[in-house]
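Enquirer: Numbering (my numbering), first residue to last: 1 to 99.
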Amino acid sequence: MNNDQWWLATLGRTIVWARLRELEAGTAEVLDSDGNTLAYDSPDTAKAALMDAEFAALDGMDADDAADRGFALEELVVPYAEDDDRLRALMVQSLPRAH
1 MNNDQWWLAT
11 LGRTIVWARL
21 RELEAGTAEV
31 LDSDGNTLAY
41 DSPDTAKAAL
51 MDAEFAALDG
61 MDADDAADRG
71 FALEELVVPY
81 AEDDDRLRAL
91 MVQSLPRAH
């Protein structure tokens, strides 16, 4: 079962990704853009930490939310790789200049 949730922060036209993974034990871990896996005692604690760091959940983000952050949802490519080591290289993405 895949319990991955994608979160993002923006720095201009740069997207910084974080992956929140809920674990069966009721705990959570976040893979950050540096490739670090951070452990949390609950998914709620992990979500609070991401929000404190100005990340927003991709799930539920609408076109207006994206526009407020300076991009269109269609521009996003959620990172994917077979393993976390390869995924690390995809966790920061530069979007093309807005027209």
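Just so it is clear, CB atoms sit at the ideal spot from N, CA and C, and this is done for glycine as well. Given the structure is predicted, the values throughout are model-derived calculations rather than measurements.
Among all the DSSP beta bridges, which residues are the ones paired with ASP83?
Expert: Answer is none; ASP83 lacks a bridge partner.
Enquirer: Considering only the alpha carbon of each residue, which of ASP52, ARG86 and LEU76 lies closest to ASP59?
Expert: Nearest C-alpha to ASP59: LEU76.
Enquirer: Based on Cα-Cα distance, which residue from PHE55, ASN3, GLU22 and ASP84 lies nearest to ALA14?
Expert: The sequence shown places Thr at residue 14, not Ala. Checking every option, the nearest Cα to that of THR14 belongs to PHE55.
Enquirer: From the DSSP output, read off the bridge partner residues of ASP4.
Expert: ARG21.
Enquirer: Between VAL16, ARG21 and MET51, which lies nearest to VAL92 when the distance is taken from Cα to Cα?
Expert: For VAL92, the nearest C-alpha among the options comes from VAL16.
Enquirer: Roughly how many whole angstroms lie between the Cα atoms of TYR80 and TRP6?
Expert: Their Cα atoms are separated by approximately 11 Å.
Enquirer: Under 6 Å Cβ to Cβ from VAL30, same chain only, skipping five residues before and after it: list those, please.
Expert: Same-chain partners within the cutoff: ALA18, LEU20, LEU38 and ALA46.
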